[in-house]
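The sequence shown: position 97 = 97 (full-length UniProt numbering), numbered continuously.
We treat Cβ as the ideally placed atom computed from N, Cα and C, and that holds for glycine.
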Amino acid sequence: MNKRSQTAIDKAINTARGAMKVMRALSPQAAARGRDGPADSRSLQLRQAGEFDLPRLLQLLIDAGVDQADEGDPAAAIESLRRIHGAGGEVWLAEEDGRLLGSLTFYLLPLLAHRGTPIALVEEVVIHPAARRHGIGRALMNHATARARARGASKLALSSGHARSGAQSFFDHLGYARHGNSPLLPPGTPEHSAG
1 MNKRSQTAID
11 KAINTARGAM
21 KVMRALSPQA
31 AARGRDGPAD
41 SRSLQLRQAG
51 EFDLPRLLQL
61 LIDAGVDQAD
71 EGDPAAAIES
81 LRRIHGAGGE
91 VWLAEEDGRL
101 LGSLTFYLLP
111 LLAHRGTPIA
121 LVEEVVIHPA
131 ARRHGIGRAL
141 MNHATARARA
151 RGASKLALSS
161 GHARSGAQSF
171 FDHLGYARHG
181 NSPLLPPGTP
191 EHSAG
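What follows is the structure in structure tokens.
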């Protein structure tokens, strides 16, 4: 492994260390307690991302401070998007007048418990810094919640690092409850292979 790859891995581990799981039940009663209000009056369009969106999506990740400029590898991004789609995931974009303002990644996970009722998982909620506090994140999360409910999910889970206090406040405001910590793989954990 080269030094650049190891540095990126170390950065990701340190950023994620202490991530906390945030959940919201999707029952009608929980929905009534939630704050699914509308986004502001922008002419916002939500759509699924395709490979042609990746250059702008990589730039959004850099602009929002999620990735560093040297981490925007187009070939790796194409492969990642294909793996997301292969796992049944969806990357959603929020755009206004052709400008990419935000994104999130949505998964529906089947479970054995509770008669196979699935749960939804949201990751990588990213809003451009200039577009924050204008309802973009709310619109994306409302969309993910509606998709989860429509597909029979019992809850929607996401994770957010403890250091991201703005994100924590945002999810609290939307009615999500903090639900413990997500253990992370320690640095140097050996890779395991099946078989």
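Per-residue burial, Leu121 [other beta carbons within 10 Å of its own, 16 or more giving buried]: Position 121 of the sequence shown holds residue 121. Burial call: buried.
By the 10 Å Cβ neighbour count, where 16 or more other Cβ atoms means buried, how is Phe106 classified, buried or exposed? Residue 106 sits at position 106 when you count from the first residue of the sequence shown. Its Cβ being crowded by 16 or more others within 10 Å, Phe106 is buried.
Collapsed DSSP secondary structure at residue 197 in the structure displayed: Here the chain has residues from 1 to 195 only, and residue 197 is not among them.
Considering Cα atoms alone, identify which of Ile119, Phe170, Val126 and Glu51 is closest to Ala150. Here residue 150 corresponds to residue number 150 of the sequence shown, with the count starting at 1. When each option's Cα is compared against that of Ala150, the closest is Ile119.
What is the DSSP secondary structure of Gly102, counted as helix, strand or coil? Walking along the sequence shown from the start, residue 102 turns up at place 102. Of the three classes helix, strand and coil, the one that applies to Gly102 here is strand, per DSSP.
Under DSSP, the beta strand (DSSP E) around Glu51 begins and ends at which residues? Counted from its first residue, the sequence shown places residue 51 at position 51. Element bounds for Glu51: n/a, residue is neither H nor E.
Measure from the alpha carbon of Ile84 to the alpha carbon of each residue in Ala148, Ile62 and Ala49, then state which is nearest. On the sequence shown, residue 84 is found 84 positions in, with the first residue counted as 1. Comparing Cα positions, the closest option is Ala49.
Buried or exposed for Asp53, please, with buried defined as at least 16 other CB atoms from any protein chain shown within 10 angstroms of its CB. Stepping through the sequence shown from its first residue, residue 53 is reached at position 53. Burial call: buried.
According to DSSP, is Ala94 part of a helix, a strand, or is it coil? Here residue 94 refers to the residue found at position 94 of the sequence shown. It is a strand residue.
Would you please state the rounded distance, in angstroms, between the beta carbons of Leu44 and Ile136? I believe it to be under 8 Å. For the purposes of this step, residue 44 is taken as the residue at position 44 of the sequence shown. For the purposes of this step, residue 136 is taken as the residue at position 136 of the sequence shown. With 8 Å as the limit, Leu44 and Ile136 qualify as a contact, their Cβ atoms being about 7 Å apart.
Whether Gly102 touches Val125 by CB criterion (9 Å): Against the sequence shown, residue 102 aligns to sequence position 102. Against the sequence shown, residue 125 aligns to sequence position 125. It is a contact, given that the beta carbons lie within the stated cut-off.
Pair within 9 Å by beta-carbon distance, Trp92 and Leu104: The residue you call residue 92 lines up with position 92 of the sequence shown. The residue you call residue 104 lines up with position 104 of the sequence shown. Yes, they are a contact pair.
How is Ala153 classed by DSSP in three states: helix, strand or coil? The residue you call residue 153 lines up with position 153 of the sequence shown. Of the three classes helix, strand and coil, the one that applies to Ala153 here is coil, per DSSP.
Mind checking whether Asp63 and His128 have CB atoms under 9 Å apart? Locating residue 63 in the sequence shown gives position 63, where the first residue counts as 1. Locating residue 128 in the sequence shown gives position 128, where the first residue counts as 1. When the beta-carbon positions are compared, Asp63 and His128 come within less than 9 Å of each other.
From the DSSP output, which residues share a beta bridge with Val122? Position 122 of the sequence shown, counted from the first residue, corresponds to residue 122. In the DSSP output, where bridge partners are listed per residue, Val122 has Phe106 and Leu158.
Please determine, among Pro187, Ser159, Ala148 and Ala146, the residue with the shortest C-alpha to C-alpha distance to Arg178. Mapped onto the sequence shown, residue 178 falls at position 178. Of the candidates Pro187, Ser159, Ala148 and Ala146, the one whose C-alpha sits nearest the C-alpha of Arg178 is Ser159.
Which residue marks the beginning of the alpha helix (DSSP H) containing Leu81, and which one marks its end? Along the sequence shown, one-based indexing puts residue 81 at 81. Its alpha helix (DSSP H) spans residues Pro74 to Gly86.
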